[in-house]
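Visitor: Can you keep this structure in mind? I'll have questions shortly.
Residue numbers (the numbering used here): 27 to 248.
Okay, structure coming up:
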């Protein structure tokens with residue numbers, strides 16, 4: 027028996043061909059959507075990566091940033107240009123400068139250090155390159171990290187402004203100068219967050235104290 031050739035105009039064949047074309051079109055559309063999505067995702071990822079790289083590697087280039095003067099008893103001990111006093115985190119003062127205008131000491135191993143007020147129990151515990159500090163046993167997250175550069179710790183001005191009494195921080199908006207100063211005639215330097223006080227023991231009146239035999243019966247006498 028001879029095979030009958032399939033006619034292209036057969037309705038069944040035409041229907042199958044249409045299904046194949048629809049499948050191909052759907053696949054092509056799905057691939058196009060996937061390609062557009064991947065391209066958009068790649069652009070967003072590159073943009074975010076660029077922002078992160080810029081934030082970590084750029085230095086402060088704002089022309090309206092403050093230079094730094096460190097002053098003790100109205101005598102300017104140090105002048106630092108704005109480009110040197112600022113970085114991407116803000117305005118800083120070297121610890122070596124700060125120790126000249128206040129009774130500050132520093133102890134530690136480089137990674138974990140303690141900035142303390144000489145002659146007192148007041149202390150600020152810091153980790154190198156971290157914004158988490160512990161002030162008199164009170165953990166605080168400040169807006170800029172404590173940095174270590176060129177053998178000296180850099181102290182954020184925001185830490186001095188917000189948590190240290192006796193060191194004045196003032197700004198001259200016309201000359202764009204930040205002045206960090208102390209004065210012989212002013213009160214001693216102290217931290218604004220004090221050590222927590224020891225809890226006093228609870229008071230019980232004598233009538234609440236029992237000194238008898240703990241094994242004795244507490245039942246009333248008959």
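We put the beta carbon where it would ideally sit given N, CA and C, even for glycine.
Quantities reported herein were computed from a predicted structural model and do not represent experimental measurements.
In the DSSP assignment, find the unbroken beta strand (DSSP E) run with residue 162 in it and report its ends.
Guide: Unbroken run through residue 162: none, as it is neither H nor E.
Visitor: Taking Cβ to Cβ, would you say residue 173 is nearer than 7 Å to residue 155?
Guide: Closer than 7 Å, so yes.
Visitor: Between residue 38 and the rest of its own chain, which residues show a CB-CB distance below 8 Å, the 5 nearest in sequence each way excluded?
Guide: Same-chain partners within the cutoff: there are none.
Visitor: From what residue to what residue does the beta strand (DSSP E) around residue 151 run?
Guide: Per DSSP, residue 151 belongs to the beta strand (DSSP E) from 149-153.
Visitor: In angstroms, rounded to a whole number, what distance separates the CA positions of residue 139 and residue 191?
Guide: Taking the straight line from one Cα to the other gives about 21 Å.
Visitor: In terms of residue numbering, what span does the beta strand (DSSP E) encompassing residue 181 cover?
Guide: Segment 178-182, the beta strand (DSSP E) holding residue 181.
Visitor: Taking its Cβ as the centre, do 16 or more other Cβ atoms sit within 10 Å of residue 120, making it buried, or is it exposed?
Guide: Buried, since its Cβ has 16 or more Cβ neighbours within 10 Å.
Visitor: Just mark residue 106 as buried or exposed, buried being the case when its beta carbon has 16 or more other beta carbons within 10 Å.
Guide: When all chains shown are included, residue 106 counts as buried.
Visitor: Considering Cα atoms alone, identify which of 169, 206, 129 is closest to residue 115.
Guide: The candidate whose alpha carbon is nearest that of residue 115 is 169.
Visitor: Report the CB separation of residue 193 from residue 93 in whole angstroms; it is logged as a contact under 8 Å.
Guide: The Cβ separation is near 18 Å, so there is no contact.
Visitor: Would you call the CB atoms of residue 161 and residue 219 closer than 7 Å?
Guide: Yes, the pair counts as a contact, with Cβ atoms nearer than the cut-off.
Visitor: How close, in whole Å, do the beta carbons of residue 21 and residue 215 come, if the pair is a contact with beta carbons under 8 Å?
Guide: With the chain running from 27 to 248 in the structure shown, residue 21 is simply not present.
Visitor: In the DSSP assignment, what residue or residues form a beta bridge with residue 174?
Guide: For residue 174, which the question treats as bridged, DSSP gives the partners 179.
Visitor: So, under 8 Å CB-CB, residue 181 and residue 132 are touching, yes? Tell me the CB distance rounded to an integer number of Å.
Guide: That belief does not hold up - the Cβ atoms of residue 181 and residue 132 are roughly 10 Å apart, past 8 Å.
Visitor: Using the DSSP secondary-structure output, state which residues sit across from residue 203 in a beta bridge.
Guide: Its beta-bridge partners are 93, 198.
Visitor: Would you call residue 51 buried or exposed, if buried means 16 or more other Cβ atoms sit within 10 Å of its Cβ?
Guide: Its Cβ having fewer than 16 others within 10 Å, residue 51 is exposed.
Visitor: Once DSSP output is grouped into helix, strand and coil, what is the label at residue 253?
Guide: One cannot answer for residue 253 here, as it falls past the ends of the chain, which runs 27 to 248.
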